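To start, the structure under review is shown below, and the notes come after it.
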Amino acid sequence: SRTEQSITTYRWDLAAKRCEWTYRRAHSNSFEAGGTDRVESAGSGARLTTEFRLRVRVPLLGRKIEQLVMRAFVAREPKYVAVVKRFCAGAG
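As structure tokens, this is what we get:
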């Protein structure tokens, strides 16, 4: 096992209810991830829409690594949605 440094940056435009985010690994250009989150009105509530972009440039294993990362991203999504909901409840 090895520890890899990474940085995830979230840039929220609160007036536009939109977030652009990027994930970077400190010592590798073979992995790119990022996305956009939008909070939109939906009736009496709101809808959070997330777009996720992923690119792994590793010969032979890139597609398999992308699948593993996507599973991890989907698994963490409920926790992230809960954080956004708590923020919106306090900011509204």
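The sequence shown begins at 29 in our numbering and counts up by one.
A virtual CB, placed ideally from N, CA and C, is assigned to each residue, including glycine.
Owing to the predicted nature of the structure, the values given are computational and were not obtained by experimental measurement.
Looking at residue i: is its Cβ nearer than 8 Å to the Cβ of residue j?
i   : j   : result
L76 : V67 : yes
R46 : S34 : no
R91 : A61 : no
C63 : W49 : Note that residue 63 is Gly in the sequence shown here, rather than Cys. Against a cut-off of 8 Å, the Cβ pair of W49 and G63 comes out as a contact.
V97 : S58 : no
Assign residue i to buried or exposed, taking buried as 16 or more other Cβ atoms, counted over all protein chains shown, within 10 Å of its Cβ.
i    : result
A158 : Residue 158 lies beyond the residue range present for the chain, which begins at 29 and ends at 120; the question has no answer from this structure.
F115 : exposed
D65  : buried
Taking the straight line between their C-alpha atoms, what separation do you get for residue i and residue j?
i    : j    : result
V112 : E32  : 27 Å
T36  : R30  : 19 Å
Y38  : K107 : 16 Å
V104 : L88  : The sequence given here has Arg at residue 104, not Val. The straight-line gap from Cα to Cα measures roughly 27 Å.
Report all residues from its chain with a CB closer than 7 Å to the CB of residue i; omit the five preceding and five following residues, and keep chain order.
i   : result
V74 : Note that residue 74 is Ala in the sequence shown here, rather than Val. These residues qualify, in order along the chain: V67, E68 and C116.
Which residues in the same chain as residue i place their Cβ atom closer than 6 Å to its Cβ, once the five residues preceding and following it in sequence are excluded?
i   : result
E94 : L82 and V84
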